[in-house]
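Just add 18 to the spot in the sequence shown (first one is 1) and you have the working numbering.
For every residue, glycine included, the Cβ atom is placed at its ideal position computed from N, Cα and C.
Below is one structure, written out as structure tokens; comments come after it.
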Amino acid sequence: MSEKIKLATIWLAGCSGCHMSFLDLDEWLFEVAKFADIVYSPVGCDLKEYPEDVDVCLVEGAVANEENLELLLKVRKRTKFLISFGDCAVTANVPAMRNMLGKADQVLKRSYLELGDVTPQLPHFPGIVPELLERVSPVHEVVNIDMFIPGCPPSAPRIQAVIEPLLKGETPKMEGREMIKFG
Numbered sequence: 019m020s021e022k023i024k025l026a027t028i029w030l031a032g033c034s035g036c037h038m039s040f041l042d043l044d045e046w047l048f049e050v051a052k053f054a055d056i057v058y059s060p061v062g063c064d065l066k067e068y069p070e071d072v073d074v075c076l077v078e079g080a081v082a083n084e085e086n087l088e089l090l091l092k093v094r095k096r097t098k099f100l101i102s103f104g105d106c107a108v109t110a111n112v113p114a115m116r117n118m119l120g121k122a123d124q125v126l127k128r129s130y131l132e133l134g135d136v137t138p139q140l141p142h143f144p145g146i147v148p149e150l151l152e153r154v155s156p157v158h159e160v161v162n163i164d165m166f167i168p169g170c171p172p173s174a175p176r177i178q179a180v181i182e183p184l185l186k187g188e189t190p191k192m193e194g195r196e197m198i199k200f201g
């Protein structure tokens, strides 16, 4: 058997539904484990630093804050094949609704002052809230992407249809409604 591929997933601004669909692969995850080592993921992996030389990474979520941006840039630099995973990553989807409010300071004022409960105040201490980017962006507007998996979330069969060929060193076929339908 050849060397296992290094597989990673990351979660930016989104709901984690794509990762839940990944877990819906159920028993097929045992097949994945035969051909891939999951080297970084918010699901079942507690590593704090994204590793070097990752073969494939699924990126869930949009790019909304400095932490998202920093992680995504590191991931792109350290990953051979990067997949925009789900509608938030592909289009910025629901997280981009924030863009309608304007720039980051307007979003913070609306969220913390206008809608604040008991003691409305902006967070002052660094690290409480990651610095918001002026606008939420889909992943491909920030880094080059090798493949897109649309869906909110993508179904487990669609995820398997993408991962299975990659495990064999082949390129997945993103054709037909079952593979490219949004929503």
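- As summarised for the region 85 to 135, the continuous beta strand (DSSP E) elements at least 3 residues long and confined to that stretch are 97 to 103, given in chain order.
- When the alpha-carbon of D71 is set against those of L65, K121 and R96, the nearest one is in R96.
- Distance between L150 and V81, taken at the CA atoms: about 9 Å.
- Apart from sequence neighbours up to five positions away, the residues of its chain that approach K22 with a beta-carbon distance below 7 Å are F53, A54 and D55, ordered along the chain.
- Distance from the CA atom of G120 to the CA atom of G32, rounded to whole angstroms, is 19 Å.
- Excluding residues up to 5 positions away in sequence, V160 and V161 lie with their Cβ nearer than 8 Å to the Cβ of L91 in the same chain.
- Judged by pairs of C-beta atoms under 8 Å, the region 36 to 49 touches the region 168 to 186, as three or more such pairs exist.
- Of all alpha-carbon atoms in E152, D135, G145 and L133, the one lying nearest the alpha-carbon of N117 is that of E152.
- In the DSSP assignment, V180 falls within the alpha helix (DSSP H) that extends over A174 to L185.
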